[in-house]
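Enquirer: For reference, the structure I am asking about is given below.
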Amino acid sequence: MIETLFEGLALVVQWPAVGYLLLGIMFGLWLGAVPGLGGITGLVILLPFTFTMDPVPAFALMLGMYAPVAASDTISSVMLGIPGTAASQATILDGHPLAQQGQATRALGAAYFVSAVGGVLGGIVMAASMPLALPIILSFGTPEFFLLGVLGLTMVGAVSGGAASKGVMAAVIGLLISQVGFPVASDDPRYTFELSYLLDGFPIIPVVLGLFGIPEMLELATRNSSIARVDPNQMKGGGILAGIRDAIRNRWLVLRCSMIGIYIGMLPGMGGAIADWVAYGHAVQSSKDKSKFGKGDIRGVIGPESANNAVAGGSLIPTLALGIPGSAGMAILLGALLIQGLTPGREMLTDKLDLTFSMVWMLILANVIGAGFLMLWGRQVAKAAFINGHYIVPAVIVFLFMGAWLNQPDILNWISLLAFGALGFLLKKAGWPRPPVVLGFVLGPIMENAFVLSNQSFTFAEAATRPIAIIIVIIIIVAFYYAVNHLRKAISVEGVEQQMEGGQTNPFLSTPFTLALLALFIWAGVEATNWRPLSALFPLAIAIAGAVLLLFVARREWNDYRRLIEEARGDLAVARKRCFSDHRYAKSLEFLAFLAVMIALTPVIGQIAAILVFVAAYLKRWGGFPLWQVAAYTFAAYLLLYGIYDKLLHVPFALPFFID
Amino acid sequence: MKVLSSTTLLGALVTAGLVLAVSAADAQFYKGKTLKIVTNASAGGSTGVSSQTFANVLAKHIPGNPEIIVQPVPGGAQLKGINFVKNARANGLTIGWSAWSGATRILDPKNRQVAFHEFKIIGGAGTPPMLVIRSDAGPGVKTATDLMKAGKIKFGGFRPASTWDMRARLSFELLGVPYDYVSGFRGGRPAHAALLRKEINVRAPALGSSYLGELKDGMVKEGKLTPLFYWGLPTGDGPTKGYAAAEGISTFYDFHKAVKGKAPSGPKWDAIKFMTNANDAMTWLVWAPAKTPDDRVAILRKAFVATAKDPEFIQAMVKRTKMAPTIVMPKDAEELVNSLRSTDKAIIDTMRDSIDRAKK
Numbered sequence: 001m002i003e004t005l006f007e008g009l010a011l012v013v014q015w016p017a018v019g020y021l022l023l024g025i026m027f028g029l030w031l032g033a034v035p036g037l038g039g040i041t042g043l044v045i046l047l048p049f050t051f052t053m054d055p056v057p058a059f060a061l062m063l064g065m066y067a068p069v070a071a072s073d074t075i076s077s078v079m080l081g082i083p084g085t086a087a088s089q090a091t092i093l094d095g096h097p098l099a100q101q102g103q104a105t106r107a108l109g110a111a112y113f114v115s116a117v118g119g120v121l122g123g124i125v126m127a128a129s130m131p132l133a134l135p136i137i138l139s140f141g142t143p144e145f146f147l148l149g150v151l152g153l154t155m156v157g158a159v160s161g162g163a164a165s166k167g168v169m170a171a172v173i174g175l176l177i178s179q180v181g182f183p184v185a186s187d188d189p190r191y192t193f194e195l196s197y198l199l200d201g202f203p204i205i206p207v208v209l210g211l212f213g214i215p216e217m218l219e220l221a222t223r224n225s226s227i228a229r230v231d232p233n234q235m236k237g238g239g240i241l242a243g244i245r246d247a248i249r250n251r252w253l254v255l256r257c258s259m260i261g262i263y264i265g266m267l268p269g270m271g272g273a274i275a276d277w278v279a280y281g282h283a284v285q286s287s288k289d290k291s292k293f294g295k296g297d298i299r300g301v302i303g304p305e306s307a308n309n310a311v312a313g314g315s316l317i318p319t320l321a322l323g324i325p326g327s328a329g330m331a332i333l334l335g336a337l338l339i340q341g342l343t344p345g346r347e348m349l350t351d352k353l354d355l356t357f358s359m360v361w362m363l364i365l366a367n368v369i370g371a372g373f374l375m376l377w378g379r380q381v382a383k384a385a386f387i388n389g390h391y392i393v394p395a396v397i398v399f400l401f402m403g404a405w406l407n408q409p410d411i412l413n414w415i416s417l418l419a420f421g422a423l424g425f426l427l428k429k430a431g432w433p434r435p436p437v438v439l440g441f442v443l444g445p446i447m448e449n450a451f452v453l454s455n456q457s458f459t460f461a462e463a464a465t466r467p468i469a470i471i472i473v474i475i476i477i478v479a480f481y482y483a484v485n486h487l488r489k490a491i492s493v494e495g496v497e498q499q500m501e502g503g504q505t506n507p508f509l510s511t512p513f514t515l516a517l518l519a520l521f522i523w524a525g526v527e528a529t530n531w532r533p534l535s536a537l538f539p540l541a542i543a544i545a546g547a548v549l550l551l552f553v554a555r556r557e558w559n560d561y562r563r564l565i566e567e568a569r570g571d572l573a574v575a576r577k578r579c580f581s582d583h584r585y586a587k588s589l590e591f592l593a594f595l596a597v598m599i600a601l602t603p604v605i606g607q608i609a610a611i612l613v614f615v616a617a618y619l620k621r622w623g624g625f626p627l628w629q630v631a632a633y634t635f636a637a638y639l640l641l642y643g644i645y646d647k648l649l650h651v652p653f654a655l656p657f658f659i660d
Numbered sequence: 001m002k003v004l005s006s007t008t009l010l011g012a013l014v015t016a017g018l019v020l021a022v023s024a025a026d027a028q029f030y031k032g033k034t035l036k037i038v039t040n041a042s043a044g045g046s047t048g049v050s051s052q053t054f055a056n057v058l059a060k061h062i063p064g065n066p067e068i069i070v071q072p073v074p075g076g077a078q079l080k081g082i083n084f085v086k087n088a089r090a091n092g093l094t095i096g097w098s099a100w101s102g103a104t105r106i107l108d109p110k111n112r113q114v115a116f117h118e119f120k121i122i123g124g125a126g127t128p129p130m131l132v133i134r135s136d137a138g139p140g141v142k143t144a145t146d147l148m149k150a151g152k153i154k155f156g157g158f159r160p161a162s163t164w165d166m167r168a169r170l171s172f173e174l175l176g177v178p179y180d181y182v183s184g185f186r187g188g189r190p191a192h193a194a195l196l197r198k199e200i201n202v203r204a205p206a207l208g209s210s211y212l213g214e215l216k217d218g219m220v221k222e223g224k225l226t227p228l229f230y231w232g233l234p235t236g237d238g239p240t241k242g243y244a245a246a247e248g249i250s251t252f253y254d255f256h257k258a259v260k261g262k263a264p265s266g267p268k269w270d271a272i273k274f275m276t277n278a279n280d281a282m283t284w285l286v287w288a289p290a291k292t293p294d295d296r297v298a299i300l301r302k303a304f305v306a307t308a309k310d311p312e313f314i315q316a317m318v319k320r321t322k323m324a325p326t327i328v329m330p331k332d333a334e335e336l337v338n339s340l341r342s343t344d345k346a347i348i349d350t351m352r353d354s355i356d357r358a359k360k
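Here the protein sequences come in this chain order: S and C. All the letters of the first sequence, read from the start, carry residue numbers 1 to 660 under my numbering. All the letters of the second sequence, read from the start, carry residue numbers 1 to 360 under my numbering.
Shown next as structure tokens:
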């Protein structure tokens, strides 16, 4: 066994495999850093090249690319407040506030270090537990998957910031959005308005990039400053080494969260998208002092970043050992196995064990080398927090919109991105936390799928008496107790700080939104009564839960409203004026209108031209830059679109109407 | 004998010259260009692997040897990829390799129907499914015929309207095998995981990549899984044609005859044959947008035929999916697509009835 382990290492370090590994790492670092791209895009791009390659170089290229994505995606999460990939959503909660406080280098240092540790642990555990993992994987059936989804939902308390009732309600909104499209076991789509675009529901890319990316760029554009809200001279918290020291100080958290990543990654279908949330929730719940979470607590970066790099190792286990991919990325990797004529299962654990171990080494080396590069680079990246935000906004907008287009070349995907951007802005301004929306959106399909399958395969008694199901139920009860406790404390806190998610309150915005939601949930419930029982069950339950919860939210709105009126000594006009005193509302709407015009122009003048018009118009109107700078920047944007998206990624751009 | 005037002769020569020049120009149309093959499934699956394998060999059969890119556009009940090609510029540089589900597409509501007959058909390729059962189902299923005494089985599938699921359900009904239908698995892999966990005991893997590639030398050899049958290609009213690669496994026709003592018949069997013909023979339709110039379609059709016969392609497919796909030549593919427009109402009713019962 030990001999085979080193044979695996020998396979990786020989030429050309090691060259492909390094090439993959560089590609992966770039893919992770750009919002909207990520590891799956990379695998789709690389897969065709592997048809003519030998197995070891092929997997070195693919795993070399795939592994470090979960580390480099931290750049976008910390610097921009936009999840670089779905696996780094939770990192934004504390990572971005740290960047705003001028502590980006520290946050990145901690994230890179724990990413490497998580990645290495993932590889080691994968190698050590391959034969033992199979019974564990197989003991988790559909009832357990459903319960794990419920457990995930209890994390809402941890990610709701200061708005408890709105946090829970936001998760229910996410659940309702997740119900769009085909139900689990039926061909009759729900809430699609006969649009084929919605048959599979909303794609996750425009939802996440819209909810976080657009509002953050909008904030940066309208604030007329840099990402960091402090002067470079006021930077505190130290650099990369300080981050590493933070990670070492929290070594048990790193270890626990890495294990969370490995074991969630091991469960097929759960994937990396929830590991970071569970790890974040664990970081909050296991900390004595929770007061800084959501405002820039380094443990809020360490937890999810330890977990999301460990996921790859965990998800490789069922992929290689059972032929059951643990995540969407692993499904593509499984395709690569077939392309090489390899068979997952027994062969990979016996005749091809050296190749399997070589993959373990690839994961370990890619994580360590990737993190090393990022650390070398970290200080330079962190400096971006202090440059004029108007240089950042148009470039990031290009990445966001092209990321959505790459995910699905459909103008409706752009419209969704903008719509979710507007929703994210509204949620932010109305004091509704956004992370629970994503949590609900991600968990909804997992829970419904598991519930429907479980319902068909087991009787209630059979499902309820499964030992692991019982253990998970106990964990849920404990987690629920902590969540309720956390929420109760959050509710009792007067004057929640503004920078927290859900920290702002504006009943003049939030109340109409609450009423609109009530109408939406009632309509959703009524619609659901027309469907077959299994298709209707989840949306109906969500609609009822939402409508009831909205009553609690309305109560809080009423309290906020009364407090405001009291503060304004009974003068409604004064109260309203105070809520909308921020002059940036108008500018924000103008920004959204700019984006809407870009989308509207696309079929008229073509996609590339529409993007360039937006870039130039933004730089001139918002940045007030001289013409030569506008021209140079716009030309650079063109080169990016042509060189990267057209030539490298082969994006099918929308053409103007006059070109048939 | 009439002598051609010099003017007529000159005119004929000029015309011939022009035709040759245009032909030569068209023959080289693809030189230096990029041909995009759009699939409507995710990368890494059988649609992606087969289309890329095809693309790797196709280039050498197209004059000018264009660069070929395979682009996955999955989702929307396979419609997103199809609509993407349908709306692409009809210049011969974008074609579809689509899992078309022709047999059940005709049952869809109007907004999800596709007028495949309007497209320029280049060819088709197919890969069949089969059924396997856990050997510990009921009192034990050591051979396929033990299915008849297995008691109530639990069949795990994808969606009520999936042709794989529907054929399995109709087959069990024809055989008189009681079954529970568990639907909602998002692919063969999750269904296989459920089979391993004993949540279901029957499923339908792909005969090539899944059964021959993984299960035959794995779970079947270990005595944990037993192959049941596959459907084979219909040949009129007679017995179905089997696949050489599936040696030792019966077609449903033969299986039915063996256990029931007579050939299958009736509306359910007609529906099974219809779906098998439209789905297994041609799982993937290769096509170009409706207005693609005929000369470019002709080039692509010729290249399709040459690639399908190319040993390099066949060997690569056998290496990756363990059996060569069935190939449907351009004219036959066109006929098959057109034939769906006049599908027998009795077959449609049988399929609708099966779907409705499965939803309950």
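In this text, a Cβ means the ideal position worked out from N, Cα and C, and glycines have one as well. For clarity, every value in this text was computed on a predicted model and none was experimentally measured.
#1: State the DSSP-derived secondary structure class of residue 30/C, mapped to helix, strand or coil.
#2: Can you tell me whether residue 440/S is buried or exposed, with buried defined as 16 or more other CB within 10 angstroms of its CB?
#3: Can you name, in chain order, every residue of its own chain whose Cβ lies under 6 Å from the Cβ of residue 16/S, other than the five neighbours on each side?
#4: Looking only at C-alpha atoms, which of 155/S, 369/S, 319/S sits nearest to residue 345/S?
#5: Distance check for residue 618/S and residue 218/S, CA to CA, integer angstroms please.
#6: Return helix, strand or coil for residue 14/S, following the three-state DSSP convention.
#7: Compare the C-beta of residue 189/C against all C-beta atoms of chain S and say whether one is closer than 9 Å.
#8: Hey, out of 61/C, 265/C, 90/C, 62/C, whose CA is closest to residue 289/C's CA?
#9: Can a CB atom of chain S be found closer than 9 Å to the CB of residue 131/C?
#10: Would you check if the distance between the CB atom of residue 254/S and the CB atom of residue 302/S is smaller than 9 Å?
#11: Checking the sheet assignment: what are the DSSP bridge partners for residue 302/C?
#12: Where does residue 493/S sit, in a helix, a strand or coil, going by DSSP?
#13: Taking C-alpha atoms, which residue in 565/S, 647/S, 510/S, 534/S lies nearest to residue 183/C?
#14: What three-state label does DSSP hand residue 657/S in the structure shown?
#15: Just reading off the beta strand (DSSP E) that residue 103/S is part of, what are its end residues?
#16: Could you give the distance in angstroms between the alpha-carbon of residue 295/C and the alpha-carbon of residue 287/C?
#17: Give me the Cα-Cα distance between residue 41/S and residue 334/S, rounded to the nearest whole angstrom.
#18: Which residues in the same chain as residue 557/S place their Cβ atom closer than 7 Å to its Cβ, once the five residues preceding and following it in sequence are excluded?
#19: List, in chain order, every chain C residue whose beta-carbon is nearer than 8 Å to that of residue 332/S.
#20: Check whether the Cβ atoms of residue 93/C and residue 259/C lie closer than 9 Å to each other.
#21: Could you tell me which chain C residues have their CB closer than 8 Å to the CB of residue 390/S, listed as they occur along the chain?
#22: Cβ closer than 8 Å: which chain S residues qualify as neighbours of residue 214/C?
#23: Counting only C-beta atoms, is residue 196/S closer than 9 Å to chain B at any point?
#24: Helix, strand or coil for residue 350/C per DSSP?
#25: Alpha carbon to alpha carbon, how far is residue 171/S from residue 152/S?
#26: For residue 180/C, which residues does DSSP report across the bridge?
#27: Could you name the residues of the segment 72-85 of chain C whose beta carbon sits closer than 9 Å to any beta carbon of chain S, in the order they occur along the chain?
#28: How big is the Cα-Cα spacing for residue 408/S and residue 347/C?
#29: So what does DSSP say about residue 298/S, is it helix, strand or coil?
#30: Spell out whether any CB of chain S is found under 9 Å from the CB atom of residue 113/C.
#31: Could you check which residue in 147/S, 55/S, 540/S has the C-alpha nearest to that of residue 476/S?
#32: Using 8 Å as the cut-off, can you tell me whether the segment 197-212 of chain C makes contact with the segment 133-149 of chain C, which would need three or more C-beta pairs spanning the two stretches below that distance?
#33: Which of the three DSSP states is assigned to residue 333/C in this structure?
#34: Going straight from the alpha carbon of residue 661/S to that of residue 455/S, what length do you get?
#35: What does residue 400/C pair with, by DSSP beta-bridge criteria?
Expert: Reading from the atomic positions:
#1: The residue you call residue 30/C lines up with position 30 of the second sequence. Coil.
#2: Along the first sequence, one-based indexing puts residue 440/S at 440. Burial call: buried.
#3: The count along the first sequence starts at 1 and reaches residue 16/S at position 16. Counting only Cβ-Cβ distances below 6 Å, and skipping sequence neighbours, we find 57.
#4: Locating residue 345/S in the first sequence gives position 345, where the first residue counts as 1. The shortest Cα separation from residue 345/S among 155/S, 369/S, 319/S belongs to 319/S.
#5: Residue 218/S sits at position 218 when you count from the first residue of the first sequence. Residue 618/S sits at position 618 when you count from the first residue of the first sequence. Between residue 218/S and residue 618/S, the C-alpha separation is close to 12 Å.
#6: Walking along the first sequence from the start, residue 14/S turns up at place 14. In this structure, residue 14/S counts as coil in the three-state DSSP scheme.
#7: By 1-based counting over the second sequence, the position of residue 189/C is 189. Yes - at least one Cβ of chain S is within 9 Å of the one on residue 189/C.
#8: Residue 289/C sits at position 289 when you count from the first residue of the second sequence. For the residues 61/C, 265/C, 90/C, 62/C, the minimum Cα distance to residue 289/C belongs to 90/C.
#9: The sequence position of residue 131/C within the second sequence is 131, counting from 1. For residue 131/C, the answer is no, since every Cβ of chain S falls outside 9 Å of its Cβ.
#10: Here residue 254/S is taken as the residue at index 254 of the first sequence, counted from 1. Here residue 302/S is taken as the residue at index 302 of the first sequence, counted from 1. The answer is yes: Cβ separation under 9 Å.
#11: Position 302 of the second sequence, counted from the first residue, corresponds to residue 302/C. Residue 302/C pairs with nothing; no bridge assigned.
#12: To locate residue 493/S, count along the first sequence from 1; it is residue 493. Low confidence applies to residue 493/S: its pLDDT is 49, below 50, so where it sits in the model is not reliable, and the reading given next is rough at best. Coil at residue 493/S, not helix or strand.
#13: Here residue 183/C is taken as the residue at index 183 of the second sequence, counted from 1. The shortest C-alpha separation from residue 183/C is found at 534/S.
#14: Residue numbering aside, residue 657/S sits at position 657 when the first sequence is read from its first letter. Three-state result, residue 657/S: coil.
#15: Mapped onto the first sequence, residue 103/S falls at position 103. Here residue 103/S belongs to no beta strand (DSSP E), and DSSP marks it neither H nor E.
#16: As a working mapping, residue 295/C is identified with position 295 in the second sequence. As a working mapping, residue 287/C is identified with position 287 in the second sequence. Whole-angstrom Cα-Cα distance: 14 Å.
#17: In the first sequence, counting from the first residue as 1, residue 41/S sits at position 41. In the first sequence, counting from the first residue as 1, residue 334/S sits at position 334. Going by the C-alpha atoms only, they are around 15 Å apart.
#18: Here residue 557/S corresponds to residue number 557 of the first sequence, with the count starting at 1. Cβ contact annotation for residue 557/S (same chain, cutoff 7 Å, sequence separation greater than five): 507, 510, 511, 514, in chain order.
#19: The residue given as residue 332/S occupies position 332 in the first sequence. One finds 42, 43, 44 in chain C with Cβ atoms closer than 8 Å to the Cβ of residue 332/S, taken in chain order.
#20: On the second sequence, position 93 is the one that residue 93/C refers to. On the second sequence, position 259 is the one that residue 259/C refers to. No; because the gap between Cβ atoms is not below 9 Å, this pair is not in contact.
#21: The residue given as residue 390/S occupies position 390 in the first sequence. The premise fails here: residue 390/S is roughly 35 Å from chain C at the closest Cβ pair, so nothing lies under 8 Å.
#22: Taking the second sequence and counting its residues from 1, one reaches residue 214/C at position 214. Correct list: 323, 343, 344, 345.
#23: The structure shown has no chain B; the protein chains it does contain are S and C.
#24: Indexing the second sequence from 1 puts residue 350/C at position 350. Reduced to three states, the DSSP call for residue 350/C is helix.
#25: Taking the first sequence and counting its residues from 1, the one referred to as residue 171/S is at position 171. Taking the first sequence and counting its residues from 1, the one referred to as residue 152/S is at position 152. For residue 171/S and residue 152/S, the gap between their C-alpha atoms comes out near 11 Å.
#26: Locating residue 180/C in the second sequence gives position 180, where the first residue counts as 1. Residue 180/C is bridged to 154/C.
#27: 72, 73, 74, 75, 76, 77, 79, 80, 83, 84
#28: Position 408 of the first sequence holds residue 408/S. Position 347 of the second sequence holds residue 347/C. Distance between the alpha carbons of residue 408/S and residue 347/C is about 36 Å.
#29: Here residue 298/S refers to the residue found at position 298 when the first sequence is read from its first residue. In this structure, residue 298/S counts as coil in the three-state DSSP scheme.
#30: Working through the second sequence from its first residue, we reach residue 113/C at position 113. With 9 Å as the cut-off, residue 113/C does not count as an interface residue toward chain S.
#31: Numbered from its first residue, the first sequence carries residue 476/S at position 476. Comparing Cα positions, the closest option is 147/S.
#32: Between the segment 197-212 of chain C and the segment 133-149 of chain C, the count of C-beta pairs closer than 8 Å reaches three or more; the two stretches touch.
#33: Taking the first residue of the second sequence as position 1, residue 333/C is located at position 333. DSSP places residue 333/C in helix when its eight states are reduced to three.
#34: Nothing can be reported for residue 661/S: it is not among the residues displayed for chain S, which extend from 1 to 660.
#35: The question about residue 400/C has no answer, for chain C in this structure spans 1 to 360.
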